[in-house]
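Peer 1: Going by the numbering used here, 435 is the number at position 433 of the sequence shown; the sequence numbering is gapless. Beta carbons are placed, not taken as given, at the ideal position from N, Cα and C, and that holds for glycine.
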Amino acid sequence: MSPAPPRPFQLAASGPLLGEVTVPGDKSISHRAVMFASLAVGESRIEGLLEGEDVLATAAAMRAMGADIARDDAGVWRIHGVGVGGLLQPERALEMGNSGTSTRLLMGLVASHAITATFVGDASLSRRPMARVAEPLRRMGANIAASPGDTLPLMVRGLCPAVPIEYRLPVASAQVKSAVLLAGLNTPGITRVIERVPTRDHSERMLRGFGAELTVEPGPDGTVISIRGEAELRPQDVIVPGDPSSAAFWAVAALIVPGSDLLIRNVLLNPTRAGVYEALRMMGGDIAVQDEREVGGERVGDLRVRNSALTGIEVPPDLAPSMIDEYPALFVAAAFAHGVTVARGAHELRVKESDRVAAMAAALAAAGVATTEHDDGLTVQGSGGEPLPGGGRVATRLDHRIAMSMAVAGLHVRRPLAIDDAAPIATSYPGFLDTMARLGLAPTWLNA
Ligand code: S3P
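1. Could you compute how far the alpha carbon of ASP203 sits from the alpha carbon of ASP304?
2. For GLU328 versus ASP401, is the C-beta spacing smaller than 8 Å?
3. From this set, LEU216, LEU441, ILE146, ALA365, which residue's C-alpha is nearest ALA331's C-alpha?
4. Check this for me: beta carbons of PRO389 and HIS349, under 8 Å apart or not?
5. Is any non-hydrogen atom of the ligand S3P found closer than 7 Å to the C-beta of HIS33, if you look at the structure I gave you?
6. Can THR201 be considered in contact with the ligand S3P, in the sense that its beta carbon sits closer than 7 Å to one or more heavy atoms?
7. Thinking PRO155 and VAL178 are a contact (beta carbons under 8 Å), I'd like their distance in whole angstroms, please.
8. Run through DSSP, which three-state label would LEU441 get?
9. To test your reading of the DSSP string, which unbroken beta strand (DSSP E) runs of 3 or more residues are found completely within the stretch 352-431?
10. May I have the straight-line CA-CA distance separating VAL259 from ILE315, to the nearest angstrom?
11. Which two residues bound the contiguous alpha helix (DSSP H) that contains HIS115?
12. When you compare each of ASP239, THR398, TRP447, ASP422 to ARG80 by their alpha carbons, which one comes out closest?
13. Going straight from the alpha carbon of GLY54 to that of ALA428, what length do you get?
14. Would you say the beta carbon of SER350 comes nearer than 7 Å to a heavy atom of the ligand S3P?
15. Looking at the ligand S3P, does it come within less than 7 Å of GLN177, judged from the CB to the closest heavy atom?
16. Going by the C-beta, is ILE326 closer than 7 Å to any heavy atom of the ligand S3P?
17. Using only the heavy atoms of the ligand S3P, determine whether one of them is closer than 7 Å to the beta carbon of SER180.
18. Would you check whether the ligand S3P has a heavy atom nearer than 7 Å to the C-beta of SER30?
19. Under 8 Å, do TYR279 and ILE289 count as touching if we go by C-beta distance?
20. If you draw a straight line from the C-alpha of SER324 to the C-alpha of ASP378, how long is it?
21. Indicate, with yes or no, if the ligand S3P has a heavy atom lying under 7 Å from the CB of THR103.
22. Grouping DSSP H, G and I as helix and E and B as strand, with all else coil, what is ASP304?
23. Please give me, in chain order, every unbroken run of the beta strand (DSSP E) with length at least 3 that falls completely inside the stretch 151-176.
24. Beta-carbon within less than 8 Å of GLY87's beta-carbon, same chain only, minus the 5 sequence neighbours each way: which residues are those?
25. Would SER175 pass as a contact of THR201 if the rule is Cβ separation under 8 Å?
26. If you check the beta carbons only, do SER128 and THR153 fall under 8 Å apart?
27. Measuring CA to CA, which of ARG308, LEU20, SER205, VAL57 is closest to VAL291?
28. Quick one: Cα of ARG306 to Cα of LEU264, how far?
29. So, under 8 Å CB-CB, ALA337 and VAL382 are touching, yes? Tell me the CB distance rounded to an integer number of Å.
30. Following the continuous alpha helix (DSSP H) through ILE31, name the residue where it begins and the one where it ends.
31. Keeping to the same chain, check which residues put their C-beta closer than 6 Å to that of THR446; ignore five residues upstream and five downstream.
32. With a threshold of 16 other CB atoms inside 10 Å of the CB of ALA113, please say whether the residue is buried or exposed.
33. Is PRO391 near GLY347, with beta carbons less than 8 Å apart?
34. Look up ALA72 in the DSSP assignment and give the residues it is bridged to.
35. Judging by CA-CA distance, which residue of PRO8, MET438, ALA450 is the nearest neighbour of LEU19?
36. Could you tell me the boundaries of the beta strand (DSSP E) in which GLY191 lies?
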């Protein structure tokens, strides 16, 4: 994929955020819905699928491996799968774009099929570590040839039948857990993953929903997740709830902009994803859940968020796995708090779409905020609710969450804050700037 030209923009300091917003479908659930439907025999229907670039990369890859995937005019996706074991040899390299989730989960799928696939990605993805998935998949018998440092481009030659393993996760990673479980789908016998620290559980819930024999039990070293292969998946109708990671940008925006009172509709409330809301409440954020209900087997609700005087906190490290994608947004909230916020115990931030500790330290510096970097986190000096000085230009580093977090910071600044590129936003939230515009906060486009 040739990189898109950068699209710099800035937002003006804004009046209150009022009314309501609806966030797009959850990214993690969307990836899995496309993958599992592509492995079921018969037609699955998916409503509310996130149509961001990352999920479209997954859909394109599943098509390239034989699934029949179409979107109807009403926005419902209809997928006819190939059956577990039925993936076809892709003719060309699979273009993963910016998407770590697509890459790591699909590596797992390919590992136990008799096919070979090459994975390529953008500059950000090509720097990210793949050893964490390559290692267990090699134990299962896959042959994986990666670029130096176990990075992309890499090639997976699957083994069929693969060898079931019992694997203790060395990092708290839902992607590694899922890669092994997905390899287990087409592996005869029981594949086990032992998870010491709970991470998002969408693979477990959804695989069960698609009819896989999967159990989750407590064990002496953590939760034991066992899947029996070779599984048969049955087609499902999936309704994808709104993404709590996308909702976090609006929650922080409403908390920091004076006078705001915003309703964020249809947000997934799965506890493995809700850490940021806990942290924001600890800071004094007024976030109320309304109309809590169940949609497609998941709890969802509407979040009413009102402007609040925030106070700096020590972010509990044990919240890290349930808010790993939300630290950039949390750091922006911290920049407006009274006092200092200290976030430690989040090493994984260093290996996301960018090094999010370094990227946010630099981004906040461009907005006039003092920070201190740690190996495993960031300390942020708050403004006590005052607008930030602003005036600088944020480097997004091909990272959608840096772009959106800092766009939010730019809503309460003395001098405009430029963001060097809007393009990465489309990986997870293509309508983000349109929703800003609908709230009366249209971006101004700048020269590259
Ligand atoms: C994801 C898991 C997380 C998260 C990513 C999506 C998933 O990554 O950061 O955005 O859908 O499984 P890790 O599992 O590497 O922490």
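Peer 2: Quick look at the numbers:
1. The sequence position of residue 203 within the sequence shown is 201, counting from 1. The sequence position of residue 304 within the sequence shown is 302, counting from 1. Answer to the nearest angstrom: the Cα atoms are 21 Å apart.
2. On the sequence shown, position 326 is the one that residue 328 refers to. On the sequence shown, position 399 is the one that residue 401 refers to. Not a contact, by the Cβ cut-off of 8 Å.
3. Reading the sequence shown from its first residue, position 329 is the one you call residue 331. That would be ALA365, whose Cα lies nearest to the Cα of ALA331.
4. The residue you call residue 389 lines up with position 387 of the sequence shown. The residue you call residue 349 lines up with position 347 of the sequence shown. It is not a contact, given that the beta carbons lie outside the stated cut-off.
5. As a position in the sequence shown, residue 33 is number 31, starting the count at 1. Yes, Cβ of HIS33 sits closer than 7 Å to a heavy atom of the ligand S3P.
6. Taking the sequence shown and counting its residues from 1, one reaches residue 201 at position 199. Checking the Cβ of THR201 against the ligand S3P gives yes.
7. On the sequence shown, residue 155 is found 153 positions in, with the first residue counted as 1. On the sequence shown, residue 178 is found 176 positions in, with the first residue counted as 1. That belief does not hold up - the Cβ atoms of PRO155 and VAL178 are roughly 20 Å apart, past 8 Å.
8. In the sequence shown, counting from the first residue as 1, residue 441 sits at position 439. If DSSP states are grouped into helix, strand and coil, LEU441 belongs with coil.
9. 373-376, 379-383, 390-392, 415-417, 419-421
10. As a working note, residue 259 is residue 257 in the sequence shown. As a working note, residue 315 is residue 313 in the sequence shown. Cα to Cα, the separation comes out at about 20 Å.
11. Within the sequence shown, numbered from 1, the residue matching residue 115 stands at position 113. From DSSP, HIS115 is part of no alpha helix (DSSP H); its letter is neither H nor E.
12. Numbered from its first residue, the sequence shown carries residue 80 at position 78. Comparing Cα positions, the closest option is ASP239.
13. Locating residue 54 in the sequence shown gives position 52, counting from the first residue. Locating residue 428 in the sequence shown gives position 426, counting from the first residue. Roughly 6 Å between the two C-alpha positions.
14. For this step, residue 350 is matched to residue 348 along the sequence shown. The displayed chain sequence assigns Glu, not Ser, to residue 350. For the ligand S3P, at least one heavy atom lies less than 7 Å from the Cβ of GLU350.
15. The residue given as residue 177 occupies position 175 in the sequence shown. At least one heavy atom of the ligand S3P is nearer than 7 Å to the Cβ of GLN177, so yes.
16. For the purposes of this step, residue 326 is taken as the residue at position 324 of the sequence shown. Flag set: Cβ of ILE326 near the ligand S3P.
17. Indexing the sequence shown from 1 puts residue 180 at position 178. Under cutoff, so the answer is yes.
18. On the sequence shown, position 28 is the one that residue 30 refers to. Yes, the beta carbon of SER30 sits closer than 7 Å to at least one heavy atom of the ligand S3P.
19. Position 277 of the sequence shown, counted from the first residue, corresponds to residue 279. Position 287 of the sequence shown, counted from the first residue, corresponds to residue 289. Their beta carbons are under 8 Å apart, which means TYR279 touches ILE289 by this criterion.
20. Counted from its first residue, the sequence shown places residue 324 at position 322. Counted from its first residue, the sequence shown places residue 378 at position 376. Spanning the two alpha carbons is a distance of roughly 16 Å.
21. In the sequence shown, the residue the question calls residue 103 occupies position 101. Yes, the Cβ of THR103 comes within 7 Å of a heavy atom of the ligand S3P.
22. Within the sequence shown, residue 304 is the residue found at index 302, counting from 1. It is a strand residue.
23. 153-159, 168-170
24. Locating residue 87 in the sequence shown gives position 85, where the first residue counts as 1. Taken in chain order, the residues that qualify are HIS115, CYS162, ASN188, GLU232.
25. Numbered from 1 along the sequence shown, position 173 holds the residue referred to as residue 175. Numbered from 1 along the sequence shown, position 199 holds the residue referred to as residue 201. Result yes, Cβ atoms of SER175 and THR201 sit closer than 8 Å.
26. Counting from one through the sequence shown, the residue named residue 128 turns up at place 126. Counting from one through the sequence shown, the residue named residue 153 turns up at place 151. Contact: yes.
27. Here residue 291 corresponds to residue number 289 of the sequence shown, with the count starting at 1. It is ARG308.
28. Looking up residue 306 in the sequence shown gives position 304. Looking up residue 264 in the sequence shown gives position 262. Each residue's Cα considered, the two are about 6 Å apart.
29. Taking the first residue of the sequence shown as position 1, residue 337 is located at position 335. Taking the first residue of the sequence shown as position 1, residue 382 is located at position 380. Yes, ALA337 and VAL382 are in contact; Cβ-Cβ is about 6 Å, under 8 Å.
30. If you number the sequence shown from 1, residue 31 lands on position 29. Where ILE31 is concerned, the enclosing alpha helix (DSSP H) stretches over 29-41.
31. For this step, residue 446 is matched to residue 444 along the sequence shown. Closer than 6 Å at Cβ, skipping near neighbours: GLN12.
32. As a first step, residue 113 is located in the sequence shown; it is residue number 111 there, counting from the start. ALA113 should be labelled buried.
33. To locate residue 391, count along the sequence shown from 1; it is residue 389. To locate residue 347, count along the sequence shown from 1; it is residue 345. No. Outside cutoff.
34. The sequence position of residue 72 within the sequence shown is 70, counting from 1. According to DSSP, which records beta bridges pairwise, ALA72 is partnered with ARG80.
35. Locating residue 19 in the sequence shown gives position 17, where the first residue counts as 1. Closest by alpha carbon: MET438.
36. Taking the sequence shown and counting its residues from 1, the one referred to as residue 191 is at position 189. Start and end: 191-197.
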